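See structure below.
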Amino acid sequence: MSRSSALVTDDAFWSKAAGEQQTEPDSGQTIRVLDFMEATWVGGPAKNLIEFARRTDQTDTSCPRVSVQVATFERGASETNEFVCSCRRAGIPVHVIRERFAFDPAVVRAASRLIETYDPDIVQTHSVKSHFLMRLSGAYRRYPWVAFHHGYTLENLKMRLYNQLDRWSLPAARRVVTVCQPFAADLRRVGVPGERISTQHNAVRPFRPAQQEQIAALRVALGAPDHAQILLSVGRLSREKGQADLIQAAGLLRDQQPERVFRLILVGDGPDRRRLEAIARRCGVHDWIHFAGHRADVAPYYSLADVVVLPSWTEGSPNVLLEAMAAGLPIVATAVGGVPEIVSPSRAALLVGRKQPASLARGIAEVLGDENLRSALRAAARSTASAHSPERRYGSLLKVYRSCMTEPKTSPKPSLSARHEWVRAQQNSG
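Quick note on numbering: numbering that gives the first Met the number 0 labels position 369 of the sequence shown as 368, and the sequence is numbered without any gaps.
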């Protein structure tokens, strides 16, 4: 039997009778969740999903247990991308749905069969594609559907048009979980009823700093002198992440304070990399900027950094912000999306306007030049991060599940005999 079907053969998995009326889960019940996520590496949504699945075995026994299985999509024969491997290392069963090309109709049928045979208590989706598949399949009429809305990438016209599919898909979800109040307002404008929207900020685990030897080796590898202050920005290299503004700000900072020695490290990869490299050359700071590419482990970079900069044009509940706060780092960030909701109450970051390189440069210079300000930002950051624990997010999402499961279904589930046939097929294929 393959690891991806490990939970499918559990006798308790099929114990519910077909068409059973759903009631609120009690402390002895296991809530079975099938989560559709399109990912190749472990970004923010994937981190939160994996942490949530891990948390299910560490919760108070007075709460229902949650059993999570993941469905993802793959073109080609490989199942070895970072996301799939990370899920399996965490003990999360993964079902890989093959697709031959964009909008492959076979994917809809495969997703529908997986939902019917797995028979979950909750179906979760995380992207425009998986939202669209859930709506198109009609499975939302029979299974409680929780759609997670993380915001959008705006890198080209194709993606902006693709994002419009959510206008049709999301109003049919039983609950939509989004990450900040501005996104909740956007959802209401496209027709999602307000009573179905839940706002849940992301969570962050306590920070584990890298070893001193590892930090020293990283500084040498980056070519950063011991006296150089390190500016760090982590995120996908995409236009809406605002790295171009940060590079321009670095150029202004170097011109205005030529005596200051710093290095800017950009961790992440994406479609904007070549353009950003050209901007760095144009601004005369290409020799002070290091493009580190995608890194599965960012802890050494947080451990090395003096200041973290988040220059985005749009954000929800950015994991980078939460990770930097957990690491106790001073932060300069744009006041967009859910960032002010997270940091303003405790002044855990210095906020500036978006698309304003000059303001960004002034903010960075203020933090770099004021040790008292850095100390205050560090203390506030650690305190704020502790309020965004995985335990708290687990409890919040459990309330969302409970509210979904108390609503009646409109159609019966598939028969038990059909599901047992699928189990035998999975065993034979393994």
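Using N, Cα and C, we set each Cβ at its ideal position, and we do this for glycine too. Since the model is a prediction, treat every value here as computed from it, not as a measurement.
Check	Outcome
Any contact of the region 66 to 86 with the region 32 to 42, i.e. 3+ C-beta pairs under 8 Å?	yes
Just to confirm, is the Cβ distance from Arg88 to Glu390 under 8 Å?	no
Quick one: what's got a C-beta closer than 8 Å to Leu396's C-beta in the same chain, skipping five residues either side?	Phe51, Val176, Gln199
What span of residues does the alpha helix (DSSP H) with Ile363 cover, start to end?	356 to 367
Keeping to the same chain, check which residues put their C-beta closer than 6 Å to that of Val306; ignore five residues upstream and five downstream.	Leu230, Pro329, Val366
Please name the residue in Thr79, Gln28, Cys62, Ala378 whose C-alpha comes closest to that of Cys40.	It should be pointed out that residue 40 corresponds to Trp in this sequence rather than to Cys. The option with the nearest alpha carbon to Trp40 is Thr79.
Could you tell me which residues DSSP puts in a beta bridge with Glu73?	Arg97
Less than 8 Å between the C-beta atoms of Asp225 and Lys354, yes or no?	no
Please report the straight-line C-alpha distance between Val93 and Gln123, rounded to a whole angstrom.	14 Å
To which residues of the same chain is Lys240 closer than 6 Å at the C-beta, ignoring the five residues directly before and after it?	Gly234, Ser311
So if DSSP puts Asp34 in a beta bridge, which residue, or which two residues, is it bridged to?	Val69, Gln123
Do Ser232 and Gln242 come within 8 Å of each other at the CB atom, strictly closer than that value?	yes
Using CA coordinates, which residue listed in Lys128, Glu314, Pro356, Ala379 is at the minimum distance from Val342?	Ala379
Got a sec? Which residues, its chain only, sit under 8 Å from Leu349 by beta carbon, not counting five neighbours each side?	Pro329, Ile330, Val331, Ala332, Gly362, Glu365, Val366, Leu372, Leu376
Which complete beta strand (DSSP E) runs does the region 237 to 307 hold, if anything under 3 residues is left out?	261 to 266, 288 to 292
May I have a chain-ordered list of the alpha helix (DSSP H) segments no shorter than 4 residues that lie completely inside the region 102 to 176?	104 to 117, 127 to 136, 156 to 162, 165 to 168
When you compare the CB positions of Arg188 and Arg173, do they come within less than 8 Å of one another, or not?	no
Among the residues of its own chain, which have a CB less than 6 Å from the CB of Arg272, if the five just before and after it don't count?	Leu236
Give me the Cα-Cα distance between Ala323 and Pro44, rounded to the nearest whole angstrom.	17 Å
Taking the alpha-carbon positions, what's the Glu406 to His125 distance?	22 Å
Give the DSSP-derived three-state secondary structure of Val342 in the structure shown.	helix
Measuring CB to CB, does Asp120 end up less than 8 Å from Pro104?	no
How long is the line joining the alpha carbons of Ala295 and Ser402, rounded to whole angstroms?	35 Å
Terminal residues of the continuous beta strand (DSSP E) containing Val351?	349 to 351
CB-CB under 6 Å to Arg381, same chain, minus the five flanking residues each way: which ones, in chain order?	Gly327
Using 10 angstroms around the beta-carbon of Pro181, count the other beta-carbons present and answer buried if the total reaches 16, otherwise exposed.	buried
So which of Tyr301, Ser345, Arg108, Trp167 has the shortest CA-CA distance to Leu217?	Tyr301
Is the distance from the Cβ of Ala360 to the Cβ of Leu252 below 8 Å?	yes
Using the Cβ count rule (16 or more neighbours within 10 Å means buried), how would you classify Asp118?	buried
Comparing alpha-carbon positions, which option in Gly283, Ser136, Ala183 lies nearest Gly315?	Ala183
To which residues of the same chain is Tyr400 closer than 7 Å at the C-beta, ignoring the five residues directly before and after it?	Ile30, Ile121
Skipping 5 residues on each side, what residues in its chain have a beta carbon closer than 6 Å to that of Phe290?	Leu265
Who are the Cβ neighbours of Ala279 in its own chain at under 7 Å, not counting the five residues just before and after it?	Ile246, His285, Ile288
Which one of Val83, Ser358, Arg74 has the shortest CA to CA distance from Gly250?	Ser358
Does DSSP put Ala332 in a helix, a strand or coil?	strand
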